[in-house]
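These notes concern the structure reproduced below.
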Amino acid sequence: MTNDIIVAGLVLAGIEIWLGDHRLIALSAEVQPSRVLTVMGPSGSGKSTLLAFIGGFLDPVFKARGDVTIEGVNLTDLAPESRRAGILFQDPLLFPHMSVGANVAFAVPATISRRSERVRIAAHALAEVELDDFAARDPATLSGGQKARVALARVLVSQPRLLLLDEPFSKLDMALRQQMRSLVFTKAQDAGLPVILVTHDEADAQSAGGEIYRMDAVSGQEP
0 MTNDIIVAGL VLAGIEIWLG DHRLIALSAE VQPSRVLTVM GPSGSGKSTL
50 LAFIGGFLDP VFKARGDVTI EGVNLTDLAP ESRRAGILFQ DPLLFPHMSV
100 GANVAFAVPA TISRRSERVR IAAHALAEVE LDDFAARDPA TLSGGQKARV
150 ALARVLVSQP RLLLLDEPFS KLDMALRQQM RSLVFTKAQD AGLPVILVTH
200 DEADAQSAGG EIYRMDAVSG QEP
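Residue 2 in numbering that gives the first Met the number 0 sits at position 3 of the sequence shown; the count goes up by one each step and never skips.
Right, dumping it as structure tokens:
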């Protein structure tokens with residue numbers, strides 16, 4: 000019999016990331032389902048490096064220690080695909096040789112093998128981000144805001160356990176930025192996903208709500 004308590008949501012325990020003798024990150028935090036932890040700091044402070052560690056794709060040039068768990072499951076030693084961390088980057092990173100619908104269907108879990116079902120799931124996800132009739136479109140014909148919505152739909156169909164946001168609003172104009180903030184945070188909340196947002200934009204942090212962790216470019220800790 001065990002008395003261990005499983006904490007709901009995402010737990011970062013004793014995370015430290017080093018580049019040579021320079022410590023970039025020192026962080027412990029809990030992010031409940033549907034909540035956002037915003038990590039703020041200047042360029043070079045290690046914000047994106049933290050997401051790489053959580054997602055399982057940290058460059059070997061860095062040294063890291065600490066544990067990443069979600070719903071009591073330790074993700075730290077799992078391969079990236081086993082962690083099920085949905086990620087949105089500054090660029091949508093759509094496949095140029097695929098249609099919009101195929102881009103989204105590509106992320107549907109392999110356990111759903113029937114093509115018609117994958118197409119149906121992709122179409123539904125596009126409708127959820129207000130791109131109902133876009134499945135046949137070439138990504139090159141989309142606006143920046145539309146590409147960002149496709150990227151969000153693709154992440155959501157992958158059935159993630161958590162959502163990592165690497166300044167995904169930074170290349171959008173002000174009006175689109177506000178729309179995408181609202182859409183991303185609403186969808187994450189509806190799905191019950193814990194979210195980590197890295198940004199240097201105070202407006203992003205305020206829109207996200209929740210705790211804000213401000214990094215010192217020198218030590219990786221709160222100043």
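Glycine is no exception: its CB is placed at the ideal position from the N, C-alpha and C atoms. Just so you know, these numbers come straight off a predicted model, no measurement behind them.
Check: For Lys46, which option in Ala7, Glu70, Phe88 has the closest C-alpha, if you only look at C-alpha atoms?; Outcome: Phe88
Check: Cβ of Leu155 within 8 Å of Cβ of Gln145?; Outcome: no
Check: On the criterion of 16 or more Cβ atoms from any shown chain inside 10 Å, does Phe233 qualify as buried, or is it exposed?; Outcome: With the chain covering only 0 through 222, there is no way to say anything about residue 233.
Check: For the 8 Å Cβ check, are there 3 or more pairs between the segment 35-55 and the segment 192-212?; Outcome: yes
Check: Could you work out which residue in Leu9, Leu26, Met173, Pro59 is closest to Gly19 when comparing CA atoms only?; Outcome: Pro59
Check: Could you check whether the segment 167-177 touches the segment 132-148, counting it as contact only if at least three pairs of C-beta atoms, one from each stretch, sit closer than 8 Å?; Outcome: yes
Check: Would Leu251 and Val194 qualify as a contact pair, given that the criterion is a beta-carbon distance under 8 Å?; Outcome: The question about residue 251 has no answer, for the chain in this structure spans 0 to 222.
Check: If you follow the alpha helix (DSSP H) that Met39 is part of, which residue opens it and which one closes it?; Outcome: Looking at the DSSP string, Met39 is not in any alpha helix (DSSP H); the run it does join, the beta strand (DSSP E), is 35-39.
Check: Helix or strand or just coil, what does DSSP make of Lys170?; Outcome: coil
Check: Is it true that the CB of Ala106 sits closer than 8 Å to the CB of Ala122?; Outcome: no
Check: Residues in the same chain with beta-carbon distance under 7 Å from Pro95, minus the five sequence neighbours each way, listed in chain order, please.; Outcome: Pro138, Ala139
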